[in-house]
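To start, the structure itself, in structure tokens.
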Amino acid sequence: MGDNKEKLQALKCPSCSGDLVKSSRTYYDDDEEENVTVPLAKCVQCNTEYDQHTQEYYEVFADELTADRDSTIFKLGLKGNLKGVQYEIIGRLRYQDEEEYEKATWDEWVAVNDEGSYHYFVEEDGEIYSYSEYTPESIDLESNSSYIEFDGRNINKSDGYKARIVLADGELPWQPEIGEAVLCYDFKNGGKHYTIEQSEEEVSITQGERVTHGEIIEAFNIESFKEIYQQTVKKRSEFQWKSRIYLIGMCLSFAAAVFSCFSSTPVKGVMNTKQILTSNEPVRDAEGTVYSSQVLYGPFEISHGNALYDVGFAVNESVQNFSLEWQSIRMMLVSEKRLQDTIKDGINNPAELKDLFEEIDAMPEPVESFIITGDFWDEEGRDSDGYWHESDLSFSNDFVLDEAGKYYVYLELYNNKIRKPEAVLVEISKVRGYRYYITVFIIFFILWGISKIRSRSYNELPFEMSGM
Amino acid sequence: MSSMNCASCGAPVEIVNRFSKVLVCGYCGTHLKVSDGGVEIAGKYPKLADFPSIFQVGSRGTILGKPFTALGRMRYKYQGGHFDEWFVEYDGDKAWFTEDDGTYTLYTDLFEAVEIPDISTVKAGQNMLVGDKKVMIKEKGKAVVEGGEGELFFYVEPGSEVIYLDAVSEGKKVSIEYTEDEVEMFTGRPLLKRDIVVEG
Amino acid sequence: MIRSLIITLLLTGGAAALTMNYIGYSGAGKEYHKKVRNERKSLRAGSGYYVPYHGGSGSFRTGK
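Residue numbers (my numbering), protein chains in the order written: chain A, 1322 to 1789; chain B, 321 to 520; chain C, 1188 to 1251.
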């Protein structure tokens, strides 16, 4: 008995009267560059496939597209008074966008008002629109192939989309069929929303405006939603305020980071005095020959102790080009006082200085105040993407220097080609730190984003609601 | 207003509007053609059942603040249900008022015997030149005349099929009715119930 | 809302405090000396704790 009933209800293939079932097809999508599986209705007998451009497809998939049919603010039979007009909800249509494989539905609730006219409430993507019939001053749907002329405005026909009826319920002005197609154009003109729905039998033109869920709940006196609506609105408002606070935090930390980033004071005269201790001395090892140079810049005055400094290195290409080679740099910041304490009068003797710096790493008591290492490189080659040429000709580092005073910069250079030792630029600047402001900015950004999303999406209601 | 007697049952009948062409006897339902010499029987049909409408024959009041008298109606049946087309005297002139599932339209301009393209080729969304008016067809449908009552300007025998076109032109609603004999076009405007005040 | 206000103040204040006190930055001078002195002390006598750096590599881009 049950089987017979099921057979009677089964959807039939128009070609062979075989049963239609849900199926799918997988194909390679050139744009997505991957296999894509799309749903289809299929005849079990003749294997004819019905895609989303056919009525049969919607008859087969209607159950999936209407599974959440009760998750709506409106219900059949609901009566209310919106903006002074009485309405009664008498019918409902659910449409699916034909271009979407996923569920992309909206509900059109048919109401009669106390004027006796039909009125339409549309629930779509968490928004509600109230539409009534509209007679335009001018309309031309067919003269131009690319646009519709409507009240002096051109509406692109390419903005039109096909909608398919997947649910019809209650009293309706006509008898729709599941899968019936309607060509729709939605647009705004002069602050109003308009919809043109064109089917083979009829062209319907409606004008509407957005109404809030609160207005609908109030107008139709929907008790069951009142409290949870208020609760939802309250929570969203709280998240809205939170997002504003985090936005302020974001602005403050960003401003602090920008201010810090651009408030650097260069230390003057770093490269004014130079002593080249060695220049391009070949050093041979198992991998070949490298050239070593030693340069001492200074003394120069660092005027602030207990402050943050940034030291930057760059290839000075005005002195010598840097092409398909590498250079390793070891820089030491040495205080004049400490250097004097170590070699006394030898500070003015290049040979003694050279000896000192050659042994500097072996001294039990460190002479230098800080060490920085880095590399410059310029390379080319070929890989699966073809020819490449890349280089990195600068680097920097920061440190907190505790004492002001006179300092030297000692550079130890190793290159695979002979290079002028003075072709390395050194700049020291007193800077402000900004890393924590950037970190906090990112945290605020995440908190702001979460709050913003929650202020729009928090929902205790059984239906989607965007805005308030 | 002129008084006379029904050619079928002899009951007294009176014609209120000078434009009326057909009168339905309120007693026996006989359709009487109005001529200079009096009335003659056009056909005998059952009386129109008492379908509810905003008007009754003889209803008076105002539409958009101007006086009207409901003289008679033709009732049509179509796929979506029924609609009434009332012949009214409106502000001293003739007009038509349609009531379709609670949607009201007042047609004040009539274009008789208009030329239209082959009706079988007309479809929704199409532009059409009717006389000197460019209209856009919103809907094409078929209706069957169920009957009439009171005084009528147009007369179509009950049971006849009428092809109707609902259209828009220059901000007005347009209704075109097509029968074997003639084509009429009305232009008018939609009404809200509050625009219509029926006395009593 | 109060909580978010407190979070904002704490984060902003914390960032400012860390920045002003140079927390997390490498120290030059005494702090460096102390660190290096300790490193050198901990090395085994005669092991040679510094191998002169001859720099260079096969390819910086490919990391080889």
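No residue lacks a Cβ here, since even glycine has one placed at the ideal position from N, Cα and C.
Between W406 (chain B) and G508 (chain B), is the Cβ-Cβ spacing less than 9 Å? To locate residue 406 (chain B), count along the second sequence from 1; it is residue 86. To locate residue 508 (chain B), count along the second sequence from 1; it is residue 188. At a Cβ-Cβ threshold of 9 Å, W406 (chain B) and G508 (chain B) do not count as neighbours.
Say whether chain C places a C-beta atom closer than 9 Å to the C-beta of V1721 (chain A). Walking along the first sequence from the start, residue 1721 (chain A) turns up at place 400. Yes, its Cβ sits closer than 9 Å to a Cβ of chain C.
Is R1557 (chain A) near S1776 (chain A), with beta carbons less than 9 Å apart? By one-based count along the first sequence, residue 1557 (chain A) stands at place 236. By one-based count along the first sequence, residue 1776 (chain A) stands at place 455. In this structure, R1557 (chain A) sits near S1776 (chain A), with a CB-CB distance shorter than 9 Å.
Examine the Cβ distances between the region 1760 to 1778 of chain A and the region 1682 to 1701 of chain A and report whether three or more of them are shorter than 8 Å. The region 1760 to 1778 of chain A, when compared against the region 1682 to 1701 of chain A, does not touch it at the 8 Å Cβ threshold.
Looking at E1445 (chain A): is its Cβ nearer than 9 Å to the Cβ of A444 (chain B)? As a first step, residue 1445 (chain A) must be located in the first sequence, where it is residue number 124. As a first step, residue 444 (chain B) must be located in the second sequence, where it is residue number 124. No, Cβ-Cβ distance for E1445 (chain A) and A444 (chain B) is not below 9 Å.
Would you tell me roughly how many angstroms separate the C-alpha atoms of N512 (chain B) and F375 (chain B), rounded to the nearest one? Here residue 512 (chain B) is taken as the residue at index 192 of the second sequence, counted from 1. Here residue 375 (chain B) is taken as the residue at index 55 of the second sequence, counted from 1. Here the sequence assigns Leu to residue 512 (chain B), which means Asn is not the residue at that position. Rounded to the nearest angstrom, the two C-alpha atoms are 15 Å apart.
So R1753 (chain A) and Q1648 (chain A) are supposed to be a Cβ contact under 8 Å. How far apart are they, rounded? As a first step, residue 1753 (chain A) is located in the first sequence; it is residue number 432 there, counting from the start. As a first step, residue 1648 (chain A) is located in the first sequence; it is residue number 327 there, counting from the start. By a beta-carbon distance limit of 8 Å, R1753 (chain A) does not contact Q1648 (chain A). Their separation comes to about 30 Å.
In terms of residue numbering, what span does the beta strand (DSSP E) encompassing L485 (chain B) cover? Position 165 of the second sequence, counted from the start, is the residue given in the question as residue 485 (chain B). Start and end: 481 to 489.
DSSP three-state call for V442 (chain B): helix, strand or coil? Counted from its first residue, the second sequence places residue 442 (chain B) at position 122. In the three-state scheme derived from DSSP, where H, G and I count as helix and E and B as strand, V442 (chain B) is classed as coil.
Would you say V488 (chain B) faces chain A, with C-beta separation under 9 Å as the test? Sequence index remark: in the second sequence, residue 488 (chain B) carries index 168 (1-based). For V488 (chain B), the answer is yes, since a Cβ of chain A falls inside 9 Å of its Cβ.
Report the residues of the region 1438 to 1455 of chain A with a CB closer than 8 Å to any CB of chain B, ordered along the chain. Residues of the region 1438 to 1455 of chain A with a C-beta less than 8 Å from any C-beta of chain B: S1438, Y1439, E1454, listed in chain order.
Have a look at A:A1577, A:G1412, A:D1666, A:K1563 and flag the residue whose alpha-carbon is nearest the alpha-carbon of T1760 (chain A). In the first sequence, counting from the first residue as 1, residue 1760 (chain A) sits at position 439. The option with the nearest alpha carbon to T1760 (chain A) is A:A1577.
Determine the contact status of E409 (chain B) and T382 (chain B), defining contact as a CB-CB distance below 9 Å. Mapped onto the second sequence, residue 409 (chain B) falls at position 89. Mapped onto the second sequence, residue 382 (chain B) falls at position 62. No, the Cβ-Cβ distance between E409 (chain B) and T382 (chain B) is not below 9 Å.
Apply the 10 Å Cβ neighbour rule to L352 (chain B) and answer buried if 16 or more other Cβ atoms are within range, or exposed otherwise. Sequence index remark: in the second sequence, residue 352 (chain B) carries index 32 (1-based). Buried: at least 16 other Cβ atoms inside 10 Å.
Kindly give me the distance between the Cβ atoms of Y1439 (chain A) and T423 (chain B), rounded to whole angstroms, as I take these residues to be in contact under 8 Å. As a first step, residue 1439 (chain A) must be located in the first sequence, where it is residue number 118. As a first step, residue 423 (chain B) must be located in the second sequence, where it is residue number 103. Y1439 (chain A) to T423 (chain B), Cβ: 7 Å. Contact.
Taking V464 (chain B) as part of the alpha helix (DSSP H), name the residues at either end of that continuous run. In the second sequence, residue 464 (chain B) corresponds to position 144, counting from 1. DSSP places V464 (chain B) in no alpha helix (DSSP H) but in the uninterrupted beta strand (DSSP E) bounded by 453 to 472.
Give the residues of chain B in contact with I1460 (chain A), contact being defined as C-beta atoms less than 7 Å apart. Position 139 of the first sequence, counted from the start, is the residue given in the question as residue 1460 (chain A). Within chain B, the residues near I1460 (chain A) are M456, V488.
Quick check: the region 1482 to 1491 of chain A against the region 1559 to 1568 of chain A, are at least 3 beta-carbon pairs closer than 8 Å? Put simply, the region 1559 to 1568 of chain A does not touch the region 1482 to 1491 of chain A. Fewer than three CB pairs are less than 8 Å apart.
Does DSSP classify T1393 (chain A) as helix, strand or coil? As a working mapping, residue 1393 (chain A) is identified with position 72 in the first sequence. Three-state result, T1393 (chain A): coil.
Chain C within 9 Å of F1691 (chain A), Cβ atoms only: Counting from one through the first sequence, the residue named residue 1691 (chain A) turns up at place 370. Chain C has a Cβ within less than 9 Å of the Cβ of F1691 (chain A).
Counting only runs that start and end within the region 1667 to 1709 of chain A, where is the beta strand (DSSP E) found for 3 or more residues in a row? You should have 1689 to 1704.
Excluding the five sequence neighbours on either side, which residues of its own chain have a C-beta within less than 7 Å of the C-beta of V473 (chain B), listed in chain order? Looking up residue 473 (chain B) in the second sequence gives position 153. One detail in the question is off: residue 473 (chain B) reads as Phe in this sequence, not Val. For F473 (chain B), where only same-chain residues beyond five positions count, the Cβ hits under 7 Å are F339, S340, K341, F407, K414.
Here's a check: name, in chain order, each residue in its chain whose Cβ is nearer than 6 Å to the Cβ of K367 (chain B), leaving out the five neighbours to either side. Residue mapping note: residue 367 (chain B) aligns to position 47 of the second sequence, counting from 1. The residues are G349.
Sequence-distant residues of the same chain with beta carbon closer than 6 Å to N1208 (chain C), five excluded per side: Here residue 1208 (chain C) corresponds to residue number 21 of the third sequence, with the count starting at 1. By the criterion of a C-beta distance shorter than 6 Å, N1208 (chain C) is surrounded by no residue of its chain, once the five residues flanking it on both sides are discounted.
Which residue from A:N1780, A:D1704, A:W1698, A:T1456 puts its Cα closest to that of Y1735 (chain A)? As a first step, residue 1735 (chain A) is located in the first sequence; it is residue number 414 there, counting from the start. Proximity to Y1735 (chain A) across A:N1780, A:D1704, A:W1698, A:T1456 peaks at A:W1698, based on C-alpha coordinates.
Where does A1204 (chain C) sit, in a helix, a strand or coil, going by DSSP? Indexing the third sequence from 1 puts residue 1204 (chain C) at position 17. In the structure shown, A1204 (chain C) sits in a helix (DSSP, three-state: H, G or I).
What does V517 (chain B) pair with, by DSSP beta-bridge criteria? Sequence index remark: in the second sequence, residue 517 (chain B) carries index 197 (1-based). According to DSSP, V517 (chain B) shares a beta bridge with B:T382.
Measuring CB to CB, does L1677 (chain A) end up less than 9 Å from T1663 (chain A)? To locate residue 1677 (chain A), count along the first sequence from 1; it is residue 356. To locate residue 1663 (chain A), count along the first sequence from 1; it is residue 342. Yes, Cβ-Cβ distance for L1677 (chain A) and T1663 (chain A) is below 9 Å.
Between the C-alpha atoms of P478 (chain B) and R393 (chain B), what's the straight-line distance to the nearest angstrom? Walking along the second sequence from the start, residue 478 (chain B) turns up at place 158. Walking along the second sequence from the start, residue 393 (chain B) turns up at place 73. C-alpha of P478 (chain B) to C-alpha of R393 (chain B): approximately 12 Å in a straight line.
Can you tell me whether Q1661 (chain A) is helix, strand or coil according to DSSP? Residue 1661 (chain A) sits at position 340 when you count from the first residue of the first sequence. For Q1661 (chain A), the secondary structure class from DSSP, reduced to helix, strand or coil, is helix.
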